[in-house]
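Counting from 1 along the sequence shown, just add 13 to a position and that's the residue number in this note's numbering.
The beta-carbon is built from N, C-alpha and C at its ideal position, and this holds for glycine as well.
Since the structure is predicted, the reported quantities are computational estimates derived from the model, not experimental observations.
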Amino acid sequence: MDSPTVRRCTSALCFATLGLLASREAYAQSETVHGVRSYRTSHEVEIVEELVEFLSLPNNAADIPAIRRNAEAILEMMARRGIEGRLLETDGAPYVYGELEVPGATRTILFYAHYDGQAVDTSRWVGHHPYEPVLRDDALEAGGQIIEFPSQGRFENDWRIFARSASDDKSPIVAIMVALDAIQANLRKPTSNLKFIFEGDEEAGSPNLGFVAREYGDLLAADLAIAADGPTDPSGLPTMKFGARGIVSVEITTYGPLRPLHSGHYGNWAPNPAMRLAHLLASMKDPRTGRVLVEGFYDDVVELSEFERAAIAAAPNDDAERMYALAFAEPEAQGQRLALINLPSLNVRGLRSAWVGREARTVVPDRAIANIDLRLVKNVDPREQLGRLIAHIEKQGYDIVSEEPDPETRRRHPKLARVVSSDGYPAYRTQMDLPIAQALISSVEEHMGQGMVKIPTSGGSVPLYWFTDVLGLPTVSVPMVNHDNNQHSPNENLRLGNLWSGIELFASVMMMR
């Protein structure tokens, strides 16, 4: 199962060296990948047609009837491949489960992805409805124009399909299915038993994943879980992510007068909740280092292992290119790399008070609202981190309420803040030096003929701690979509070259040695 190279690599220095070499050297791709590529080049039209048909199904996570139609479509996709599928019913969206037993296989791999999508704002999609997929000859930023879907021949790598969930997560589901097609078309079979679990309410915060993990834990038993969510590294190298941050969402409201007041008559006298909120938020972070000043915020962080630090050091550093593309001069934490995602964070994701722009009025606002997300790393408990934030707000002189205060409550408390939060969920992280993780790395690199970027923790949040901490499943994210895919946003897209390489990548996982 382990390659000789991995068996000999017992130190972090060795691991770092392997990572550096892998990221710079290419070697022969396996017969498996050559066979998969040959299958794909002969079936590109059919592959894209299946994806486009899937993308044409509305999949707003809040629309359960639409979500169920998507689930039934996945069942049909699996049935065409000989996968035994069923729906796992919940109080909300159904989960789609499938399994394929391989005679003689001694290992089981569970593939995870989600098929629901974010809501759409049709007014901000350029040239088409988000559930009417279009093909462009390049990215929008590069002047990509809508072109016809070819009925025969080849698709260029830089062409892109634009539609809701083109990248997050419908294309990985199709790529997984096509990878199995390609293996079977070459008269071969996967080296592992395969299981599949596709979630229908991930974009709603995965409210039913815990129920599924508890109720169907035996069904989901496997040696390794592969999550197909998220983007690849901007370098273009295949990517493995061994964890994801957890999250808690918090809304803070500060209060001024009972109604907006004329700023000429009442300015400098009536308390301004927007100014107070600005001071409160500013108290939470050091403006020079970007470090969160909430007491205890970093106390429970588990330090990265030598293997994990070595993997970060070996990964491509494109921070300067990202800063240039995003047009900012320096990071919030001056001199620090984007690897700061391995620490918990406090992010102000939205602010609102009174009116702005053409609707601006000369008033003292009656309230100000900030939405914050707290990203968590391994061992940081969501409720405890929320408690630290609340304690910090109280130390700034605020009385805390959880419900909308009545006038009498507002009269009694000079500084009042309403704090409302989600339950959130913790981070997960799988150790890179586990034998199953090392076997995955070695096998995929050998099949793909190139090294991979290996990241201890991804920046985004997925509640897969249910897999790692509850079901005991080592879980690794193996994303395939382009990093500039606009997921969750208007004009979400998939670069077709990423679809092609994703098919080869998932086939390499299925043929894990």
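DSSP lists Val494 as the bridge partner or partners of Pro244.
Nearest in C-alpha terms to Asp446, of all of Lys428, Ala324, Arg335, Asn499, is Ala324. If you look at Tyr125, you'll find it in the beta strand (DSSP E) that goes 121-127. Excluding sequence positions up to five before and after Ala155, its CB lies less than 8 Å from no other CB in the same chain. By the criterion of a C-beta distance shorter than 8 Å, Arg201 is surrounded in its chain by Thr45, Gly48, Met524, once the five residues flanking it on both sides are discounted.
Within the DSSP bridge table, the entry for Ile160 names Leu148 as partners. Shown here, Ser276 sits in a helix according to DSSP, grouped into three states.
DSSP lists no bridge partner for Lys408. For the pair Asn504 and Leu153, the CB atoms are nearer than the 7 Å cut-off. DSSP, read as helix, strand or coil, puts Ser184 in helix.
For Gln409 and Leu293, the gap between their C-alpha atoms comes out near 7 Å. Exclusion of the five residues before and after Pro273 leaves Ala367, Arg374, Val376, Val377, Pro378, Asp379 as the residues of its chain whose Cβ lies within less than 8 Å of its Cβ. A straight line joining the alpha-carbon of Arg365 with that of Arg350 spans about 30 Å. Beta-bridge partners of Lys254 (DSSP): Ile468, Ser490.
Nearest to Leu123 by alpha-carbon distance, out of Ala346, Pro244, Phe209, Arg424, is Phe209. Within the segment 185-245, the runs of alpha helix (DSSP H) at least 4 residues long that lie entirely inside it are, in chain order, 222-228. A Cβ-Cβ distance of about 5 Å is found for the pair Val457 and Ser521, placing them in contact under the 8 Å criterion.
The continuous stretches of beta strand (DSSP E) do not include Val369, and DSSP gives it neither H nor E. Check the Cα spacing between Arg258 and each of Val315, Ile80, Val414, Gln165: the tightest is with Val315. Under the DSSP assignment, Arg425 falls in the alpha helix (DSSP H) whose first and last residues are 420-425. The alpha carbon of Ser205 has as its nearest neighbour, out of Leu237, Tyr125, Ala217, the alpha carbon of Leu237.
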